[in-house]
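Below is one structure, written out as structure tokens; comments come after it.
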Amino acid sequence: MNNKTLTKIAMIAAVYTALCLIPGLSMIAYGPVQVRIAEALTLLPLLWKPSIWGVSLGCFLANLIGAMTGINPTGYIDAIAGTFATFCAAYCTWTLRERTVKGIPLLSCAMPVLFNFVIVGAELAFLFMPDNLIAGTLINGTYVAVGELIAVTLGYFLIRGLERTSVFKE
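In structure tokens, the structure reads:
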């Protein structure tokens, strides 16, 4: 891995982290009902495989800093569970990038929604509804998935715009 690649990974991580911590956006980036705009970046692997590491690192930093500053009500567990969900989603987005429906990578776009529904939904159920984990996962997962769908829709348009640039071309 060269310096140019590491720099791009660091920039992706910084943008992800900033989009979660900016006042205003931070209010909707954490908790049971969330629209994490930074999750739009989980579609970057459609263009460039190393971005998997950038979005994963950004998610880890955003969740860790959020827990340290008190804006992330799920605390430090989110630095592990949320990062795992983002990593899995980004990796599967890259893996499924060739499978398209009428030129649209629907399976890739569904990965962030699916992984966050299951993993973050279960995390939130464990933290906020420990007496009923199944119902808690379904309820919280649905809230997270709706927010994720909004972020992924924004991400799809971001990717379409970035395709026309040379930013992620080696």
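Oh and the sequence shown: position 46 is 45 in numbering that gives the first Met the number 0, straight run, nothing missing.
Every residue gets a Cβ at the ideal spot worked out from N, C-alpha and C, and that includes glycine.
What you are looking at is a predicted structure, and each value in this text was computed from that prediction instead of being measured.
Check: Helix, strand or coil for ILE103, going by three-state DSSP, please let me know.; Outcome: strand
Check: In this structure, how does DSSP classify TRP93 when only helix, strand and coil are distinguished?; Outcome: helix
Check: Going by DSSP in three states, VAL119 sits in which element: helix, strand or coil?; Outcome: helix
Check: Where does the unbroken alpha helix (DSSP H) through LEU43 begin, and where does it stop?; Outcome: Note, LEU43: premise wrong, no alpha helix (DSSP H); not H, not E.
Check: Could you check what DSSP says for PRO111 in three-state terms: helix, strand or coil?; Outcome: helix
Check: According to the Cβ coordinates, are PRO248 and VAL151 closer than 7 Å?; Outcome: Past the edges of the chain, shown from 0 to 169, lies residue 248, and the structure says nothing about it.
Check: Does the stretch 4–14 come close enough to the stretch 125–139 to have 3 or more Cβ pairs within less than 8 Å?; Outcome: no
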